[in-house]
Amino acid sequence: MSAIVTREDVVAAAARIDEDVEHTPLIASHIDGVRIWLKCECLQTGGAFKLRGATNRLMQLTPDERKAGVVAFSSGNHAQGVAIAAKRLGIPATIVMPADAPAIKIDSTRSHGAEIVFYDRRAESREEISARLAAEKGAVVVPSFDDPSIVAGQGTAGLEVMKQLEELGEAPPPAIAIPVGGGGLASGIALACPDADIIGAEPDGWDDMRRSLQGGEIVPVAKDAPPTLCDALQTPRVSPITFGILQARKAQVIPVSEDEVANAVKWAWQHHELIVEPGGAAALAAVLSGKAPAREGMVIILSGGNIDPELHERLVN
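Going left to right, the sequence shown walks through residues 21 to 337 as the numbering used here numbers them.
As structure tokens, then:
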């Protein structure tokens with residue numbers, strides 16, 4: 021039985037982290053003549069929504085746990101979120117990162133004072149390495165999505181959307197489209213916004229949440245999954261917590277192609293001068309491609325903006 025996370029946990033997280041995260045902009049836009057909203061978590065401190073969950077988790081550590089430190093594993097965005105939250109709270113942090121992570125994410129994580137341990141994404145288990153390091157240091161492992169406090173923290177983005185729309189005199193969103201890697205953001209928002217349809221988006225070949233929901237049980241990513249620009253969404257297996265929440269909410273998850281993702285990155289820049297990384301643009305890609313038709317008042321989450329400048333230039337030109 022997976023740990024239970026409730027909307028009350030998301031509300032408590034929002035109060036806990038309120039002064040430690042950006043309340044990111046919600047901007048109006050149009051796709052196919054339909055008015056939609058873009059939630060710009062690409063403008064969050066650290067360049068992605070991950071600071072929300074990391075801050076919520078680390079703030080709940082005991083004094084002894086804070087002294088011993090934390091270990092996290094991530095291709096970059098969760099790494100930065102944990103590194104920033106740990107630095108602010110004076111907690112030592114070790115991050116296990118794939119050797120092929122984007123340089124911008126490695127450099128940024130290191131700049132916040134975290135120690136980095138590299139591993140081979142194809143041959144080694146980041147969970148096993150993290151568990152070993154945590155045992156050696158007496159540290160707490162902070163997973164990127166398989167943790168109730170992380171899920172609750174990520175869900176605060178959904179509460180923020182609801183509040184922003186209310187302040188603008190707008191109706192609640194009929195649907196929210198969200199990039200899915202491990203599903204922490206999507207499941208948190210599903211809890212925060214119980215009346216909205218939840219639409220997830222995953223890169224082709226890494227659509228394990230989609231296949232898991234279709235099959236009724238967790239299915240890992242195939243060993244020969246193709247390379248993808250969406251490094252932020254390369255999660256080999258979703259968790260019982262995130263799967264359970266999205267299954268209960270009858271979430272729809274859509275696979276998107278590399279070309280569709282590249283087009284979404286370009287669209288965000290050309291229409292709004294927003295720098296969005298490929299993984300952060302996956303939900304936008306699903307709507308722009310018509311796979312998830314644009315609906316009046318729907319919200320699209322732009323979950324991250326950490327992209328190497330050379331790649332961004334190539335995609336937008």
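Beta carbons: idealized from backbone N, C-alpha and C, even for Gly.
Taking one beta carbon from each stretch, the segment 205-212 and the segment 97-115 have fewer than 3 pairs nearer than 8 Å; the two do not touch. Bridge pairing for W57: A48 and V319 [DSSP]. Non-local C-beta neighbours of E280 in its own chain, meaning closer than 6 Å and more than five positions away in sequence, comprise A305 and S309, ordered along the chain.
Relative to the Cα of V160, the nearest Cα in the group V241, P199, R334 and T114 belongs to T114. C-alpha of T82 to C-alpha of G89: approximately 11 Å in a straight line. If you draw a straight line from the Cα of A143 to the Cα of D244, it is about 12 Å long. Residue range D217 to P223 is occupied by the beta strand (DSSP E) that includes G220. Annotation: M229 is outside any beta strand (DSSP E); the continuous alpha helix (DSSP H) that includes it extends over D228 to G235. For the pair V336 and Q290, the CB atoms are nearer than the 8 Å cut-off. Taking a cut-off of 8 Å on C-beta distances, the segment 145-153 does not touch the segment 189-198, as fewer than three cross pairs fall below it. Segment contact: the segment 128-148 against the segment 41-53, fewer than three CB-CB distances shorter than 8 Å; contact not assigned. The closest CA to that of K270, considering only L58, A195 and A302, is found on A195. In the structure shown, T255 falls within a coil segment according to DSSP collapsed to helix, strand and coil. If you draw a straight line from the Cα of T176 to the Cα of K59, it comes to about 12 Å.
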